[in-house]
Structures are given as structure tokens and as C-alpha cells.
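Below is one structure; the comments refer to it alone.
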Amino acid sequence: MKQPLCSGRTEAWRPCLPRPRRSRSVSTPPSTGSLACVGIGIMLGSHITPLARSHIENADVVFAAVSDGIVELWLKEMHADVRSLQPFYAEGKRRTQTYREMVEAILAEVRAGKRVCAVFYGHPGVFAWAPHRAIKVAREEGYTAYMEPGISSEDCLYADLGIDPGSVGCQHFDTTQYMLYRRQIDPSAWLILWQVGLAGERTGHRFATSPAHRQVLVDVLSRHYPLDHEVIVYRAATLPMQAPRMERMPLGRLPGADLDSADTLAVPPVQALVADAEVQAKLVALDAYQAAIA
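Okay, here's the thing in C-alpha cells:
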């Protein structure tokens with residue numbers, strides 16, 4: 013099975029074992045190598061910032077972990093030496109191993125004194141272990157390392173679904189992390205569960221889980237939401253000719269939905285905000301006091 017184009021993104025709940033640090037003599041200054049991890053957004057060509065483009069065009073070598081092969085071709089129009097990170101994926105191979113190999117490939121060129129640009133779809137710091145790790149190690153070894161943010165799936169979700177996270181609040185979790193731990197949620201706010209197609213994935217090498225795994229997720233969610241509560245399966249469009257996925261369904265029907273790791277579950281509030289009368293009274297009294305002494 014061909015592995016999907018990914019970006020070194022990893023489950024938020026999965027701990028990463030530390031790697032032995034490479035030692036650098038205090039008397040030996042680092043070379044001129046540098047690293048810029050840049051995000052190019054979700055939509056091909058539409059979301060890239062001028063600064064991200066500049067990093068790509070002026071690098072000595074560009075590594076690419078993007079959402080589609082067409083995006084790689086687009087990057088090659090900006091730079092002659094674009095190296096895909098896709099070959100590090102293999103069937104049955106643990107994703108943590110893949111991500112570590114990506115980091116080492118990137119850092120090898122930095123250590124060789126090159127200006128390296130590592131390109132990731134969306135935001136390079138969101139659900140992405142490899143960029144954070146590469147920057148951390150590069151800085152520890154004395155190199156200049158930088159992250160340039162990009163438009164993420166979260167940004168697209170707010171735009172496509174018409175959600176203002178400031179209205180009633182918005183809470184975000186990795187789906188499997190939410191399942192494995194007793195997270196305290198507020199059912200009067202939006203609940204966003206990322207990588208819902210990987211619900212309950214604990215092996216580190218699967219790219220999808222079964223309806224039975226999603227049933228466990230529904231069982232957990234049913235502690236707070238009725239089974240007929242409408243939820244939204246969301247996936248941002250990555251190409252101009254695509255439309256975003258915004259499929260509404262009752263919560264109880266989620267196990268039978270066709271999902272993959274790119275899908276997100278948006279759960280609308282199920283109850284109204286509950287006023288804190290005690291705090292409100294304190295604020296009223298405080299405002300009255302300050303007005304009286306003004």
C-alpha cells in the first residue's frame with residue numbers, strides 16, 4: 013500500500029524518546045549551515061507567504077513534506093534541488109522512525125554548511141514532530157534555525173465552517189489522546205478532534221483505524237453528547253479545483269463514516285454557557301466602586 017504524503021506529523025499523545033546529542037567542541041564554532049522550516053499553507057499556491065517563498069528560493073537545498081505530489085512539482089518550479097521526504101515512509105514502518113530519519117536527513121545538510129529549507133504543508137509547528145525536533149537539535153548544535161508559520165487546517169476550518177473561536181470557545185485535542193486520557197471538556201464550547209481517522213491508533217505504523225475503533229470514540233463522546241447530536245467531518249481543500257469536506261451526521265453514525273488521517277471532527281456545543289453569578293456580582297461591585305471613586 014502506498015503511504016500518504018505526510019509532513020512528519022505525529023500523534024500528540026505519543027511520547028518521543030530522546031536521541032543522543034551530538035557533541036560540539038566549545039572551541040569549534042559552528043559552520044554557516046542554517047535551517048528554515050516553513051509552512052506553505054493548505055491550498056496549493058494560495059497560502060504561501062513572501063517570506064516562505066524567499067526561504068525556498070534562496071536555500072541551497074530544499075526538503076519537502078507536503079500533501080500532494082502536485083505540490084512537490086510546484087516547489088520544483090521555485091528551486092532546482094527539491095528532495096521529497098516521502099520515501100522515508102514504508103508499509104509497516106513505525107512513524108516515529110520515519111520522522112527521526114527525516115530529521116537526520118535535514119540536519120546532515122545543515123551540518124554540511126548548507127542553507128537548508130524544509131517545507132511542510134499547513135503550519136510546520138502544528139501536529140508536526142519533525143520540524144520542532146530538527147530546529148531544536150540544530151540550535152543545540154549552534155546553528156541558526158527558524159520556523160516560518162503557515163496557514164493551517166485549523167485556520168481553514170474556521171473559515172469553511174464559519175466558526176469564531178472567540179464566540180463560545182473552542183477546545184482542540186488529538187483524537188487518540190482524547191480517548192486515552194480523561195480530558196475535561198466543556199460541552200458549551202466547540203470540540204475539535206484532529207486525525208479522527210486515526211482514532212485509537214496505538215501501534216505507530218497504521219494510517220487508518222477501523223469502525224470498531226471509532227465506536228470506542230463515540231462511546232467516550234457519549235458521556236457528554238447524545239448520539240443524535242450533529243457533528244461535522246471536516247477536511248480542508250488542498251487544490252484549487254477541490255471543495256472542502258463538510259459532512260454533517262449524527263454522532264452515532266460516525267463509526268460507519270469513510271475517514272482517514274486528514275479528517276477532523278468538529279463537535280458543536282450541546283449546551284448553553286452557564287453564568288457564574290458569584291463572579292458576575294463581584295465584577296458589578298468592582299465597577300460600581302471604581303466609578304464612585306473616579
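Position in the sequence shown (first residue = 1) + 12 = my numbering. Where a beta carbon is used, it is the ideal one built from N, C-alpha and C, also for glycine.
- When the five nearest sequence neighbours on each side are left out, the beta carbons in the same chain lying within less than 7 angstroms of the beta carbon of residue 281 are those of 180, 199, 200, 201 and 202, in order along the chain.
- For residue 225, no beta strand (DSSP E) encloses it; the enclosing alpha helix (DSSP H) starts and ends at 223–233.
- According to DSSP, residue pairing for residue 183 in a beta bridge involves 203.
- Judged by DSSP in its simplified three-state form, residue 54 adopts coil rather than helix or strand.
- With contacts defined as CB atoms closer than 8 angstroms, residue 291 and residue 266 fail to qualify as a contacting pair.
- Burial is judged here by how many other beta carbons sit within 10 angstroms of a residue's own beta carbon; residue 261 has fewer than 16 and is exposed.
- Nearest C-alpha to residue 46 among 156, 177 and 175: 156.
- The Cβ neighbour count for residue 254, taken over all protein chains shown within 10 Å, is under 16; the residue is labelled exposed.
- Straight through space, the alpha carbons of residue 293 and residue 104 are spaced by roughly 59 angstroms.
- Listed in chain order, the alpha helix (DSSP H) runs fully inside the region 119–198 are 141–152, 165–173, 177–180 and 187–192, counting runs of at least 4 residues.
- In this structure, the alpha-carbon of residue 190 lies about 13 angstroms from that of residue 279.
- The C-beta distance from residue 138 to residue 68 rounds to 19 angstroms, too long to meet the 8 angstroms contact threshold.
- In the DSSP assignment, residue 251 falls outside any alpha helix (DSSP H), carrying neither H nor E.
- DSSP lists 96 and 131 as the bridge partner or partners of residue 76.
- Contact annotation, residue 134 with residue 53: C-beta distance approximately 7 angstroms; criterion of less than 8 angstroms satisfied.
- The closest CA to that of residue 89, considering only 167, 168, 101 and 70, is found on 70.
- Only residues of its own chain outside the window of five on either side were considered, and among them 51 and 135 have a CB closer than 6 angstroms to the CB of residue 161, listed in chain order.
- Judged by DSSP secondary structure, residue 263 falls outside any beta strand (DSSP E); it is assigned neither H nor E.
- Per DSSP, reduced to three states, the secondary structure at residue 90 is coil, with no helix or strand assignment.
- Contact between residue 106 and residue 184 does not hold, since the beta-carbon distance rounds to 25 angstroms and is not under 8 angstroms.
- In this structure residue 305 is exposed. Its beta-carbon is surrounded by fewer than 16 other beta-carbon atoms within 10 angstroms.
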